[in-house]
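*Asks:*
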Amino acid sequence: MRNQTTIKKNSNSRFIRIQLIAGLLLLIISGAKAQQAKDPAVIGRWDITIDKGGKSLPSWLEVQKSGTHTLIGRFTYAFGSARPISEVKPHDGKYSFSIPLQWEEGNRNMDFEFEVKGDELTGTMVYSDGVTYHFTGVRAPSMTRAKAPVWGKPVKLFNGKDTKGWHTDGNNQWVVESGILRSKHSGANLITDQKFSDFKLHIEFRYQKGSNSGVYLRGRYEVQVIDTKTGEPEPINNQFSAIYGFLPPNKMMAKNAGNGNHMILHW
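Residues in the sequence shown are numbered consecutively from -10, following our numbering.
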């Protein structure tokens, strides 16, 4: 009987161990399934086009996960830097977020609400003056290329005489003097008539003390042209040659105001 009892106890102990191991395996499998839960379709980068009173304004939106529950992001309006979004809130199949004023006129935040269907989104923006506008968006194309681009012949964007090949998004204040393209005061952006895919842009410029300007790539990403040395202090993401509010320069190459600068941008 003693031997039988011993064997029985060992059998029970083995059974308990098997149950424990099986239970742990179930927990591990359940945990793996939880980690593999599909991310919301809103996550990613989006090219946004806002219809503001019949005028198309390019913008962009990026949505990311923060931890396991919260969506955060960045948004760039038609002008200004990439601005942080503290939370992109889901509700009843839609998403919303709010950003404070930067360079806009008005006295209220800009509020956004939208829904995602596949690779497209549609929504509304309540602007800083309280007026509502509609916008659409598509997923931003990948910047990773399967193979190196084949560069064509250089295209001269400025002929040194006039603004032929360009147009503005408002009242034109641009003039050409002695072969130099100048904007004598703040005003409309100057936009190329041509559109480009992969490109290298070579620009030469100089600015006065305290100046703040820029070059928009694809209408959505502003490369800062600003008097970093003697102008108002700015965060590193807002300084000379930064992608405004998005990517800092990896090396500060700005010259003093009044001196010639140049950039070669690959985009």
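Glycine included, C-beta positions come from ideal geometry on N, C-alpha and C.
Every value quoted in this text rests on a predicted model; they were computed, and no experiment measured them.
#1: For S45, I'd like the list of residues in its chain whose CB is within less than 6 Å of its CB, leaving aside the five on either flank, ordered along the chain.
#2: For A71, count the other beta carbons within 10 Å of its own beta carbon; 16 or more makes it buried, fewer makes it exposed. Which is it?
#3: For the beta strand (DSSP E) containing F103, name the first residue and the last one.
#4: Could you tell me the boundaries of the beta strand (DSSP E) in which Y66 lies?
#5: Rounded to the nearest angstrom, what separates L60 and Y84 at their Cα positions?
#6: A67: buried (16+ other C-beta within 10 angstroms of its C-beta) or exposed?
#7: Indicate the three-state DSSP secondary structure (helix, strand or coil) for I215 in the structure shown.
#8: Below 8 Å, how does it come out for the region 137 to 152 and the region 103 to 114: are there three or more Cβ pairs, yes or no?
#9: For Y210, I'd like the list of residues in its chain whose CB is within less than 6 Å of its CB, leaving aside the five on either flank, ordered along the chain.
#10: Between the Cα of T57 and the Cα atoms of D118, D28, N245, which residue gives the shortest distance?
#11: For I225, name the three-state secondary structure that DSSP assigns.
#12: Could you check the C-alpha separation between G159 and I180 for me, to the nearest Å?
#13: Which residues in the same chain have their Cβ closer than 7 Å to the Cβ of N161, if we skip the five residues on either side of it in sequence?
#14: Just verifying my parser: in three-state terms, what is the DSSP assignment at V139?
#15: Which residues in the same chain as W35 place their Cβ atom closer than 8 Å to its Cβ, once the five residues preceding and following it in sequence are excluded?
#16: Does the beta-carbon of D216 have 16 or more other beta-carbons within 10 angstroms, so that it is buried, or is it exposed?
#17: Determine the direct distance from the alpha carbon of R97 to that of P89, and round the result to whole angstroms.
*Replies:* Per the coordinate set shown:
#1: T38
#2: buried
#3: 99 to 106
#4: Note, Y66: premise wrong, no beta strand (DSSP E); not H, not E.
#5: 10 Å
#6: buried
#7: strand
#8: no
#9: I232
#10: D28
#11: helix
#12: 11 Å
#13: A177
#14: coil
#15: W49, L50, E51, V52, L110, G126, V127, R128, A129
#16: buried
#17: 7 Å
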